[in-house]
Amino acid sequence: MTRMRLRLTFPPHLIQEPIVYRLVKDFDIVINIRRADVKADYGWMALELDGEEAQLERGVKWLKEKGVQVDPIERDVISP
Amino acid sequence: MEKLNGLRCRECGRRYPATPVHVCEFCFGPLEVDYRYDALKRVVTRESITAGPPSMWRYKDLLPIEGDVAVGHHVGFTPLIRARNLADELGCREVWIKNDSVCHPSWSFKDRVVSVAVTKAKEFGFDTVACASTGNLANSVAAHAAEGRLRSYIFIPADLEQGKVLATLVYNPTLVAVHGTYDEVNRLCSEIADKYRWAFVNVNFRPYYSEGSKSYGFEIVEQLGWRTPGHIIVPCAGGSLIAKIWKAIKEFEQLGLIDGPVTTKMHAAQALGCGPIVTMVKNDTDVLVPVRPNTIAKSLAIGNPADGYYAYRTTKESGGFGEHATDEEIVEGMLLLARTEGIFTETAGGVTVAAAKKLIESGVIPRDESIVICVTGNGLKTPDALYDRLEAHVKIKPSLSAFDKALAELKAQTA
Ligand SMILES: Cc1ncc(COP(=O)(O)O)c(C=O)c1O
Ligand SMILES: [Zn+2]
């Protein structure tokens, strides 16, 4: 099992979609939401994810394809 | 004197001992150093500060260092310059430049944060420091690690130009070029920081590291004669510097070190091509919308700034505002500062000068109030920003008559 801590940022058109539900169901990932701010047209979530490393990577790939911005919880680690 | 209470979560308030951790285990909020101001109040005075060295370490009592300073003994206490020529040009009464383009040793304000982080790393017994960076941070970490005789790992995206890494490589760090998209490299570095017991200066050492920026604010107040200016314009990337300058002012106020009431307004300056914080300020919203950076101001190119919310709060709380600068305006800002004050700043300084000019012209900053413009990096590091903008005016054969002729032509042109 691998653990990941991510911050997801949702664009307006994805707010209504059950993204986190799909992540849990389709990729067999256990999710723990630590902090979130979801408004009518925008939102972000800080989560902890537990799962097989390959499943986590597939889940992250799927999120990105859906248009969710996926960052580490620290956000920009690369500093100019 | 025990001066630290430890760390405190900025979101939920949970307390942690002062160890190398950076996020709250409960809410994933960022941790911040918590000081015992009641104890500090008894020892920190104007006299105790002015008796200290001519460096940022004169404020050591207000920095999270408990032992001796290990590296960067000469960082900070950079000039605060009364910029009369620039003031004339901008039509203002009182303009100051806080000039960290000459910050020792690596020519940007990053030396302030890195010297604290590396000293703290030694204090905690680490033998390796690290960062992921494309510019100023990498220069500074490699330099301070060399001085502290620590191993250093610097991660960079593999497509970074060679010229950019020279000023880092020279200090002999281990440079790791990572192939991949920005996002992939970014996430990998977060995972590396999580896995290895290294002092990743802007990740697990971030609570200590970021405190170093307060020294920039302390210096402004002390150098103005223990008073605060009407306005401070700060270049923002991650958004930490602007929040820490404000924190510095608040700490000095709390310790009774400032003459008169604090009326300073903090203004955020960013490039139009990467300005998520200024966008929050202009739209008056605490929702940060991440962006894909596209600007010549590479040192401010952070698309999803960790301290974006706190930077926004700083402008709100102080009654300040913010302004974007286009690439063209950034170059004009660099040239304006060089032409009027003889200071060659990098693009980040161009952003601040340009933003200041726009805030003054739009009336947000009244022309009769005192203004401090933050110049945080050196122009010699990023000459490429100006390559196609500048060329020699006069080219001549090596003869006196050729020069006489050219000079006459020049005079005729400018007459
Ligand atoms: C020259 C320069 N000025 C300003 C900043 C902005 O600082 P912060 O990331 O704390 O907002 C940076 C770096 O990030 C920088 O390199
Ligand atoms: Zn918390």
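Here the protein sequences line up with chains R and V, keeping their order. If you read the first sequence in our numbering, its first letter stands for residue 1, the second for the next number, and so on. If you read the second sequence in our numbering, its first letter stands for residue 1001, the second for the next number, and so on. Glycine included, every Cβ here is placed at the ideal spot set by N, Cα and C. None of these values were measured; they are calculated from a predicted model.
> With C-beta atoms as the reference, is V/T1347 less than 8 Å away from V/A1297?
Replying inline: yes
> Listing by chain order, which chain R residues have their CB less than 7 Å from the CB of V/F1028?
Replying inline: R5, R34, R35, A46 and I73
>> Beta-carbon within less than 7 Å of V/E1329's beta-carbon, same chain only, minus the 5 sequence neighbours each way: which residues are those?
In response: A1354
> If you count every other CB in all the chains shown that lies within 10 Å of the CB of V/F1026, and 16 or more means buried, which is it?
Replying inline: exposed
>> I need the DSSP call for V/F1124, collapsed to helix, strand or coil.
In response: coil
>> Short of 7 Å Cβ to Cβ, which residues in the stretch 1369 to 1385 of chain V face chain R?
In response: Listed in chain order, the positions of the stretch 1369 to 1385 of chain V with a beta carbon within less than 7 Å of a beta carbon of chain R would be empty, since no residue qualifies.
>> Please identify, using Cβ separations under 8 Å, the residues of the stretch 1290 to 1318 of chain V that lie next to chain R, in order along the chain.
In response: P1290, K1298, S1299, L1300, A1301, I1302, G1303, N1304, P1305 and A1306
> Which residues bound the beta strand (DSSP E) around V/C1374?
Replying inline: S1370 to V1375
>> I want to know whether the stretch 1102 to 1119 of chain V touches the stretch 1390 to 1408 of chain V - three or more CB-CB distances under 8 Å.
In response: no
>> Strictly under 8 Å for the Cβ-Cβ distance: is R/Q99 near chain V by that measure?
In response: Since the first residue of chain R shown is 1 and the last is 80, residue 99 of chain R is not available in this structure.
>> Output needed for V/D1259: all residues of its chain with C-beta closer than 7 Å, excluding positions within five of it in sequence on either side, in chain order.
In response: Excluding five sequence positions before and after V/D1259, the CB atoms of its chain that fall closer than 7 Å to its own CB belong to W1226 and R1227, given in chain order.
> Hey, R/G43 and R/F27: beta-carbon distance below 8 Å or not?
Replying inline: no
> Which residues are close to ligand 2, meaning CB closer than 6 Å to any heavy atom, in chain order?
Replying inline: V/C1009, V/E1011, V/C1012, V/R1014, V/C1024, V/F1026, V/C1027 and V/G1029
> Taking the alpha-carbon positions, what's the V/Y1309 to V/T1414 distance?
Replying inline: 50 Å
> From what residue to what residue does the beta strand (DSSP E) around V/H1231 run?
Replying inline: H1231 to P1235
> Just to confirm, are V/L1337 and V/L1086 a CB contact at a threshold of 8 Å?
Replying inline: yes
> If you measure from the beta carbon of V/N1139 to each beta carbon in chain R, is any gap under 8 Å?
Replying inline: no
>> Less than 6 Å between C-beta atoms, sequence neighbours within five positions excluded: which residues of the same chain meet that for V/R1010?
In response: G1029, P1030 and E1032
> For V/A1237, is the beta carbon positioned less than 7 Å from some heavy atom of ligand 1?
Replying inline: With a threshold of 7 Å, the Cβ atom of V/A1237 counts as near ligand 1, since some heavy atom of the ligand is closer than that.
>> Can you tell me whether V/N1294 is buried or exposed? The criterion is at least 16 other CB atoms within 10 Å of its CB, across all chains shown.
In response: exposed
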